[in-house]
Amino acid sequence: MGKIIRGLLIIGTILLLSTLPAHAYWKHKVAVNERMAEEYIEKLQAGADPEEVERPTMRFISHYQAMQEQDRLINAMDEAEALAKEGKHELIPEIKLKFQNLEKDPVVQE
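Residues in the sequence shown are numbered from 28 upward in steps of one, following my numbering.
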C-alpha cells in the first residue's frame with residue numbers, strides 16, 4: 028500500500044512540474060503586450076498624432092486574468108488616443124505595468 032501511495036505522489040509531482048511552464052507563459056505574453064502599449068502611450072504623450080502612429084496589435088491570450096489585463100491595456104490606449112486627438116497630450120496618464128519584469132524578448136515593431 029505504501030509503494031502505491033509513494034508511486035502516485037511521484038507521478039503527481041512529475042505531472043505538476045511538467046505543466047508549470049505552460050501555466051506561466053501567459054504572463055510573459057501579457058508583459059509583451061504591456062511593453063507595446065507603454066511604447067504607444069509614450070509616443071502619444073510626446074505629442075505624436077494618433078492617426079500617424081500605428082497602434083500595436085495585442086497578442087491574444089485565452090487565460091482569464093490575461094484577458095482582463097488585455098482589456099485594461101486596450102482601455103488605456105483608447106483613453107490615450109482620445110486625449111491625444113483633443114490635443115491634451117500632457118493629460119495622458121502613465122500606464123501601470125504589472126508584469127514588466129517577466130518580459131524576456133525585445134519588442135520589435137515592423
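Here a beta-carbon is modelled for each residue, glycine too, at the ideal position from N, C-alpha and C.
Measuring CB to CB, does residue i end up less than 8 Å from residue j?
i	j	result
A64	L100	yes
K56	I88	yes
M8	N60	Outside the displayed span of the chain (28 to 137) sits residue 8, for which this structure offers no information.
Q72	I119	yes
F126	K54	yes
Under the three-state reduction of DSSP, which class applies to residue i: helix, strand or coil?
i	result
L118	helix
D105	helix
K125	coil
V80	coil
Any beta carbon from chain D within less than 8 Å of residue i's own beta carbon?
i	result
Y52	The structure shown contains no chain D, having only a single protein chain.
Thinking C-alpha only, which one of the options is nearest residue i?
i	options	result
Q92	G39, A58, L42 and I41	A58
E113	F126, P77 and L124	P77
L124	L44, E108 and E66	E66
Y52	H90, V80, G74 and E108	H90
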